[in-house]
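Asks:
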Ligand code: PEP
Ligand code: MN
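In my numbering, the protein residues as written are 8 to 380.
1. Which runs of the alpha helix (DSSP H) fall wholly inside the region 145–185 and span at least 4 residues, in chain order?
2. To the nearest angstrom, how far is the alpha carbon of residue 225 from that of residue 129?
3. Sort out for me which residues DSSP pairs residue 293 with in a bridge.
4. Name, in chain order, the residues that DSSP records as bridge partners for residue 232.
5. At which residue ranges does the region 9–78 contain complete beta strand (DSSP E) runs of 3 or more residues, listed in the order of the chain?
6. Specify, as a first and last residue, the run of the alpha helix (DSSP H) that residue 366 falls within.
7. CB residue 96 to CB residue 369, shorter than 7 Å?
8. Of the choices 59, 132, 52, 113, whose alpha-carbon is the least far from that of residue 93?
9. Assign residue 225 to one of three DSSP states: helix, strand, or coil.
10. Go through its chain and collect everything with a Cβ distance to residue 46's Cβ below 7 Å, but skip five positions before and after it.
11. Any heavy atom of ligand 2 closer than 6 Å to the Cβ of residue 312?
12. Using a Cβ-Cβ cut-off of 8 Å (strictly less than) and excluding sequence neighbours within five positions of residue 229, which residues of its own chain qualify?
13. Between the alpha carbons of residue 297 and residue 353, how many angstroms are there, rounded?
14. Check whether the Cβ of residue 398 sits closer than 6 Å to any heavy atom of ligand 2, and report yes or no.
15. Is the beta carbon of residue 292 less than 7 Å from the beta carbon of residue 146?
16. What does DSSP give as the partner residues of residue 206 in its beta bridges?
17. Per DSSP, which one or two residues make a beta bridge with residue 141?
18. Can you tell me which of the three DSSP states residue 217 falls into?
19. Cβ of residue 120 within 6 Å of any heavy atom in ligand 2?
20. Tell me the DSSP secondary structure of residue 317 in three-state form.
21. Any idea what DSSP makes of residue 288, helix, strand or coil?
22. Can you give the beta carbon distance from residue 119 to residue 176, rounded, assuming they're within the 8 Å contact cut?
23. Grouping DSSP H, G and I as helix and E and B as strand, with all else coil, what is residue 103?
24. For the beta strand (DSSP E) containing residue 111, list its first residue and its last residue.
25. Using the beta-carbon count (16 or more within 10 Å), is residue 361 buried or exposed?
26. Would residue 212 pass as a contact of residue 245 if the rule is Cβ separation under 7 Å?
27. Please confirm whether any heavy atom of ligand 2 lies closer than 6 Å to the CB of residue 92.
28. Pick from 247, 279, 13: whose alpha carbon is nearest that of residue 322?
29. Between residue 336 and residue 346, is the Cβ-Cβ spacing less than 7 Å?
30. Identify which residue in 19, 50, 49, 77 has its Cα closest to the Cα of residue 62.
31. Looking at ligand 1, does it come within less than 6 Å of residue 272, judged from the CB to the closest heavy atom?
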């Protein structure tokens with residue numbers, strides 16, 4: 008059960024203390040408070056965990072400071088959509104809004120290789136009004152002999168250049184808790200000229216200890232990728248680990264499933280789950296067409312499979328696109344064969360606009376039919 012407190016409730020107030028004292032006396036109930044400092048107001052939610060069936064919504068509603076009460080189902084307690092649950096489906100980070108109604112494109116390098124490539128990429132993004140990117144510094148690789156990413160050594164120039172080209176959010180995978188500290192430190196050293204969305208890769212979706220650590224910090228939002236060999240429910244529970252640790256700024260990423268049923272694509276594209284995740288949870292949903300498709304193959308209509316997959320995700324309501332680009336794919340150290348070219352960036356963005364417009368028209372159409380009864 009969630010008690011949503013009146014906006015602006017202060018933890019020092021007498022009423023708040025009264026409320027906590029009352030809740031502490033409930034048998035078999037653990038109380039956990041979460042405060043979210045938003046742009047406009049501070050919101051506190053109190054989670055009651057345990058045998059809440061015995062509690063009546065009316066009783067809880069009448070307690071001091073309580074605005075609304077949501078009885079949650081067992082699943083995805085924090086991130087899930089529950090009956091009468093009108094908690095927000097968005098968050099803001101570094102001036103950018105991420106929600107179930109917004110769309111942000113994160114085009115960039117799968118892996119940082121050279122400073123020159125980073126600069127070419129960021130300049131192209133700035134020239135096309137983009138404020139987000141992807142830049143991998145810590146790469147989880149199948150072979151121990153493959154390039155593992157430059158790690159913390161590249162962070163200073165990546166962050167400096169991002170600041171120079173007015174990039175506000177960089178999606179960056181972390182595979183170990185020490186990476187979070189390294190990113191925090193490098194951002195601080197470079198004057199926090201940009202922001203980072205920590206990425207949990209598909210190979211770490213169920214690395215529960217990593218999830219707990221990333222979930223306990225609230226400085227960075229998190230993009231968690233769906234595990235490529237587990238059920239959707241298992242991956243959504245992984246996202247819930249982040250939220251139950253305290254971090255609600257979570258985006259859920261679809262990136263295809265590992266099975267040869269998807270051949271000749273690298274993974275079996277799972278973007279039909281975009282609306283499913285939006286129905287089951289309040290998370291914005293990201294699609295990664297690059298790691299799903301894995302090649303630059305095109306179809307007879309002249310459109311690349313990566314762009315077809317992107318459009319399919321967007322026309323289904325995706326809120327974020329994570330996509331590999333590279334100034335010279337033949338020189339990329341990771342995933343060059345699936346990278347789009349910088350000269351394809353305007354085409355890609357225009358293609359996305361078309362798909363998004365179609366999605367918005369579909370929503371309008373559905374609304375009209377619903378209203379007509
Ligand atoms: C990536 O985005 O660079 C990546 C490794 O993705 P995934 O975890 O989906 O394989
Ligand atoms: Mn990759």
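Beta carbons: idealized from backbone N, C-alpha and C, even for Gly.
Replies: Short version:
1. The region 145–185 is shown to contain whole alpha helix (DSSP H) runs of 4 or more residues at 162–171, in chain order.
2. Put simply, the backbone Cα of residue 225 is about 26 Å away from that of residue 129.
3. The beta-bridge partner set that DSSP reports for residue 293 consists of 260, 327.
4. Beta-bridge pairing links residue 232 to 260.
5. With a minimum length of 3 residues, the continuous beta strand (DSSP E) runs that stay inside the region 9–78 are 9–12, 36–44, 49–57, 73–77.
6. Residue 366 -> alpha helix (DSSP H) spans 352–378.
7. For residue 96 and residue 369, no; Cβs fall outside 7 Å.
8. Residue 52 is the option with its Cα nearest to residue 93.
9. It is coil, neither helix nor strand.
10. Only 99 meet the Cβ criterion.
11. For ligand 2, no non-hydrogen atom lies closer than 6 Å to the CB of residue 312.
12. The beta carbon of residue 229 lies closer than 8 Å to those of 204, 205, 206, 207, 221, 222, 249, 254, 256, 257, 258 in the same chain, with the five residues before and after it left out.
13. Between residue 297 and residue 353, the alpha-carbon positions lie close to 17 Å from each other.
14. The requested residue 398 is not part of the displayed model; the chain covers only 8 to 380.
15. The Cβ atoms of residue 292 and residue 146 do not sit closer than 7 Å to each other.
16. For residue 206, the beta-bridge partners assigned by DSSP are 180, 230.
17. For residue 141, which the question treats as bridged, DSSP gives the partners 178.
18. Here residue 217 sits in helix by DSSP.
19. No, ligand 2 has no heavy atom inside 6 Å of this Cβ.
20. Helix at residue 317.
21. Residue state, collapsed to three classes: strand.
22. In fact, because the Cβ distance is near 16 Å, the residues do not count as touching under 8 Å.
23. For residue 103, the three-state secondary structure derived from DSSP is strand.
24. According to the DSSP assignment, residue 111 belongs to the beta strand (DSSP E) that extends over 111–115.
25. Residue 361 is exposed by the Cβ-count criterion.
26. For the pair residue 212 and residue 245, the CB atoms are nearer than the 7 Å cut-off.
27. Answer for residue 92: no, Cβ out of range of ligand 2.
28. If we check each option's Cα against that of residue 322, 279 comes out closest.
29. Yes, these two residues count as a Cβ contact at 7 Å.
30. Cα-wise, what sits closest to residue 62 is 77.
31. Annotation for residue 272 indicates a beta carbon at 6 Å or more from all heavy atoms of ligand 1.
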